[in-house]
Amino acid sequence: MDAVKKSRLTFDAFFNGRIRISQDRSGYRFSIDAVLLAHHSAPRNNDRILDLGTGCGIIPLILVFRHPGLRAYGVEIQESLAKNARDNVKKNDMEGRIQIFCMDMRLLNTGITGGAVDLVVTNPPYRKARTGRVNLDNQRAIARHEIAVTLQEVVDTGQRMLRPKGRFVTVVPAERVTDILFLMGTRGLEPKRLRMVHSRIDTEAKLAIVEGVKGARKGVKVESPLILYHSDSTYTEAVSKMFEA
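FYI, the numbering for the sequence shown is 8 to 252, going by my numbering.
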């Protein structure tokens with residue numbers, strides 16, 4: 008990596024330095040959403056996992072670190088992010104367990120991943136196109152707004168790639184919870200778990216973590232809310248544990 012390109016990157020460490028992540032200093036950067044999603048996906052040992060919109064590859068890296076028996080695939084449409092993800096996989100010696108595809112997820116099929124997967128995770132573009140402030144940085148805009156793919160297309164891809172009874176886990180802004188529940192329910196990914204996420208105990212919900220099961224019976228469990236921060240802006244115990252090795 009030449010010095011100019013390297014100067015555009017930041018380097019972060021997780022789990023007492025056992026995972027190292029590089030990201031573009033001015034481009035799209037993962038947030039706590041990715042850590043929450045990785046934690047709540049709760050994969051089973053030897054699961055085959057697909058991350059739709061993998062960005063820098065943070066979710067597959069966390070999951071494979073915590074569950075060494077997993078095989079993970081990450082799909083990213085943006086070449087710069089896909090390269091960043093591949094570099095991170097290589098840097099963490101996980102090339103034999105994580106494969107990154109640079110492609111449009113709408114073209115994805117089970118032949119590419121060698122069969123249907125057990126678990127799909129996704130932190131999708133959650134702002135509708137032409138709503139809210141669109142970031143002038145194209146990398147961030149595509150990651151956050153429905154420019155390259157819509158929420159419906161993300162759900163359709165997840166449904167297509169999952170085996171029967173496979174799980175689909177996602178995180179969306181709280182204001183889009185009805186959208187995601189409707190889309191999942193009408194496409195055979197029956198919502199089974201819902202957890203609202205609040206910044207603080209006295210604030211309204213910020214995010215919703217949703218899990219669905221392909222071909223499951225109706226009936227959703229609403230879990231206790233997750234609070235991210237104490238009043239002094241430190242992480243709560245529940246969140247702090249998500250960062251432990």
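Cβ atoms here follow ideal geometry from the backbone N, Cα and C, with glycine treated the same way.
Going by beta-carbon coordinates alone, are G173 and D125 separated by less than 8 Å? yes
According to the neighbour-count rule (16 or more other Cβ atoms, all chains shown, within 10 Å of its Cβ), is R32 buried or exposed? exposed
Just grab the DSSP bridge partners of D31 for me. Paired residue(s): L16.
Give every residue of the same chain whose Cβ lies closer than 6 Å to the Cβ of A212, excluding the five residues on either side of it in the sequence, and list them in chain order. Cβ contact annotation for A212 (same chain, cutoff 6 Å, sequence separation greater than five): A181, M203, H205, in chain order.
Of all the options K90, K199, T61, P50, which has the alpha carbon lying nearest to the alpha carbon of V71? P50
Here's a check: name, in chain order, each residue in its chain whose Cβ is nearer than 6 Å to the Cβ of F18, leaving out the five neighbours to either side. S29
For the 8 Å Cβ check, are there 3 or more pairs between the region 74-89 and the region 192-201? no
From the DSSP output, read off the bridge partner residues of F108. V82
For P253, three-class secondary structure by DSSP: Outside the displayed span of the chain (8 to 252) sits residue 253, for which this structure offers no information.
CA nearest to the CA of T164, picked from I234, T210, V82: V82
By the three-class DSSP mapping on this structure, what secondary structure does A92 have? It is helical.
For H205, which three-state DSSP category applies? strand
Span of the beta strand (DSSP E), counted from its first residue to its last, around G219: 212-221
Three-state secondary structure (DSSP) of T164: T164: helix per DSSP, three-state reduction.
Using 10 angstroms around the beta-carbon of M112, count the other beta-carbons present and answer buried if the total reaches 16, otherwise exposed. buried
T193 lies in the alpha helix (DSSP H); which residues open and close that run? 184-193
Using 8 Å as the threshold, is the C-beta distance between M191 and V42 below it? no
Between A20 and the rest of its own chain, which residues show a CB-CB distance below 6 Å, the 5 nearest in sequence each way excluded? R27
Is I105 near G64, with beta carbons less than 8 Å apart? yes
Buried or exposed for V267, going by 16 or more other Cβ atoms inside 10 Å? Residue 267 falls outside the range modelled here, since the chain spans only 8 to 252, and no answer is possible.
Buried or exposed: which applies to F175, given that a residue is buried once 16 or more other Cβ atoms fall within 10 Å of its Cβ? buried
So I69 and A45 are supposed to be a Cβ contact under 8 Å. How far apart are they, rounded? 4 Å
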